[in-house]
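Numbering (this note's numbering), first residue to last: 88 to 197.
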């Protein structure tokens, strides 16, 4: 891991701990795509211009907003799907996906 990547990773992990945020990592494509659809269907708004996600897309990112909550959704071919945001929102999603939320980034996407 390069110096800049290490610094970004450390800064983001510090933000996770300080803001009570978590990250869910290595979400398979079908589940990742469906969770975005489910959140939009339940009232979350996609920020910025939405570009459709394809499984062979090298890197893709979107931000979902609802009220004061923000979820950042990232897809890379190498690390698969990753979602980070408030633990109060993502703990339920992690349980549904049968995955563990964490404050540590195991596969940096930046």
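The C-beta atom is built at its ideal place from N, Cα and C for all residues, glycine as well. Since the model is a prediction, treat every value here as computed from it, not as a measurement.
When Cβ pairs closer than 8 Å are counted between the two stretches, the segment 94-101 is seen not to touch the segment 115-125, the count staying below three. In the three-state DSSP reduction, residue 129 falls in the coil class, being neither helix nor strand. Note that the C-beta distance between residue 152 and residue 132 is below 8 Å.
Burial check for residue 126: the Cβ neighbour count within 10 Å reaches 16 or more, so the residue is buried. Non-local C-beta neighbours of residue 193 in its own chain, meaning closer than 7 Å and more than five positions away in sequence, comprise 112, ordered along the chain.
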